[in-house]
Structures are given as structure tokens and as C-alpha cells.
Amino acid sequence: MEYVLTTDRLSKRYGHFKALDDFSMHVPKGAIYGFVGKNGAGKTTLIRLVCGLQIPSGGSCTLYGIKHTDKNIIRSRRRMGAIVETPSIYLDMSARDNLKEQYRVLGLPSFDGIPELLAMVGLENTGRKKAKNFSLGMRQRLGIAIALAGSPDFLILDEPVNGLDPQGIIEIRELILKLNREHQITVLISSHILDELSRLATHYGFIDHGHMLREITAKELESACRKCMHITVSDTQALSRVLDAMGLEYHILSQDQADIFGHENVSDLVNALSKENCQVLSISERDESLESYYVNLINGKDGGSHA
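Under the working numbering, the first residue of the sequence shown is numbered 66, with each subsequent residue one higher.
Okay, here's the thing in C-alpha cells:
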């Protein structure tokens, strides 16, 4: 398999704090790679190292087959566009003028590609409107357009849907899918909004406290996310007692809801709960979510939270 980005035992220390620790990852060419982790897990540190904004404390990072210590790494980084933390835009400029400024920074010979870029991100009709008057979603799309100046084939987006309203999230999702499918751009998306990521990603990397916990394809993840029975009851403490007695794995979600893994006769379960004066309000089948999978992974488990 051909990889756009790999890291091998990459580490970054700030004094005694290890932001990244022996971190290895593999981003396949053509993938939408979901980089999953809580805030502070090390996602942005990794992105800053890949972009050359910081220097690793140890290990190596390879971009298009070129190591970060190689003098040709600059050429490889030109094939990459990135939004790190927040889009770098001039709020007092229009979308077109923002892109002109980026073209100048990159030393591009003409502004011919700007109308096409604006159309690609849905900002072709913004005219002279200043970026400060854009919605958050429009600013994020302008940031992506700026990252795409220079026609990169690898795009890194750091928390691209943070703070956006539902419509803004849909627009960013559709844009990312279009860039990947129609323009063959490999995309690395760091996010802690897992439900949204599950609609996009072809591959995942799960990070916690600077460690790579696991890399997995979307298909492998689908197989790993087991089916479960989602139950709403009047008393989850009673439910826990019954499920423990039955030897079933489960995950308590709230005061009245839980996911139960494994197979159990529903009538037997309802009868056992009835004896504990626990009422069953609803039962449905569902697949374990990406969020549940991640929580179980950082807890050192692949299955439910209790056995």
C-alpha cells in the first residue's frame, strides 16, 4: 500500500511533558483518515510536526517517501495544504483577496485558478463581502480554499467542524467528500466529534495521551462494532444487578439507558427485571457506535464496559 504520510516512533516533549510518545501512524494515499482523540490527546502536536511548524524530539516523519530530516522535505510539504487549529484568513479582505494573498505567499505566477477555487468551496458569489461578515462555516470553507491554493494532493484539517451549526457541518462534510472523490485529495481530519467523522472516514487512527492506540479501516471498524440491545428501564442499578447475574457485557449510558452486548432471551431478561421491580420502557437493536468503540479502546477494552 502506498502511504502519503507515515511516522515512526515520533515523539515531542515539552520539558517533562510528552505530547507525543513513540507515535507511529500510516495515512494511505486516497484515504479520508479520521484522527480520533480527546482535546489534549496530541492531535494538533502531530499536525504541527508534520507541517514543519515544530521539530520532533525523536523518531521520524515521512511525507511522500521523504523523511523530515531530508532537505527535499520542503518540496514534499508543497504538496500539502493544512488548517492548523483555526483558518488563517484576513478578516478585512474578501474571499478573492484572501486567495490572492495566499497565491503571492506561494509565489504562484497568476491568479487564474482563483475563480475555480472559490466555486469549489461554494464562495463564488461572495463578491467584495469581507470575511469578517462571513458565517463560521463560510470562514472554514475559505480556510480550506486557502489550504488548496497551490493544488495540493494532501489536505490536513484540524477540527474542521468545531463550533459550526448543523448546516455548516453538512457543507464541510460534502466539500471534504467532493475533494476526496472528485479531485483525489487524501485528507487527514483530526476530530473529537466522532458521529460526524463516522460519515466520512475510510481509515481511523485512535490517539490517547500521545500514544497511537490503534489504526483500523472503516470496514474493520464496522466488523468490530458489535450489535447490541439498547434498553431503557426505570432503574439501571437493578439492571446492572440482573445483567451481572446473567454474565452479560453491558454499558450504562445514563440513569435509564444501557447497551447490552451478547445474546439473551428478551422474555427472560424482562422477567428477571420484573422481580427486581424494574420496568422495561423500550428495547431496540443497534450497532455499537464509534464513540463506544473509542471509549472502550482507551479503557483498554474492545467490548462492553462491564463483564
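Each residue gets a CB set at the ideal place from its N, CA and C atoms; glycine is no exception. Computed from a predicted model, the values in this text were never measured in an experiment.
| Check | Outcome |
| --- | --- |
| Beta-ladder partner(s) of I237, from DSSP | Answer is none; I237 lacks a bridge partner. |
| First through last residue of the beta strand (DSSP E) which encompasses D73 | Y68 to Y79 |
| Validate contact between the region 195-205 and the region 226-242 using beta carbons, cut 8 Å, 3 pairs | yes |
| Sequence ranges, alpha helix (DSSP H) only - wholly within the region 76-140, length at least 4 | 108-115 |
| Cβ contact check for the region 72-83 and the region 109-127: 3 or more pairs under 8 Å | yes |
| Span separating the alpha-carbon of S354 from that of S288 | 12 Å |
| Three-state secondary structure assigned by DSSP to S255 | strand |
| Q322: first and last residue of the uninterrupted alpha helix (DSSP H) it sits in | Here Q322 belongs to no alpha helix (DSSP H); instead the beta strand (DSSP E) covers Q322 to F326. |
| heavy atom of the ligand ZN below 7 Å from E287 C-beta | For the structure depicted, the ligand ZN is absent and the ligand set is empty, with no information on it obtainable. |
| Straight-line gap, D367 to S332 (C-alpha atoms, nearest Å) | At D367, the pLDDT of 49 sits below 50, so the modelled position is not reliable; the number obtained from the coordinates is stated separately. Taking the straight line joining both Cα atoms gives about 28 Å. |
| Coarse secondary structure for E329, derived from DSSP in three states | coil |
| From V115, L207 and H257, residue whose alpha carbon lies closest to that of R143 | V115 |
| Inter-stretch contact at 8 Å, needing at least 3 Cβ pairs: the region 135-142 / the region 312-321 | no |
| Stretch-stretch touch, CB-based, cutoff 8 Å, three pairs: the region 295-302 with the region 254-261 | no |
| Bridge partners - K195, DSSP secondary structure assignment | S159 |
| Selected residue, minimal CA-CA separation from K292, among R279, D273, G270 and H316 | H316 |
| Cut-off 7 Å between Cβ atoms - residues of its own chain near A212, not counting five sequence neighbours on either side | G146, A147, I148 and L220 |
| C-alpha distance - L253 paired with C343, whole-angstrom precision | 46 Å |
| Endpoints, the alpha helix (DSSP H) within which L362 is located | L355 to I363 |
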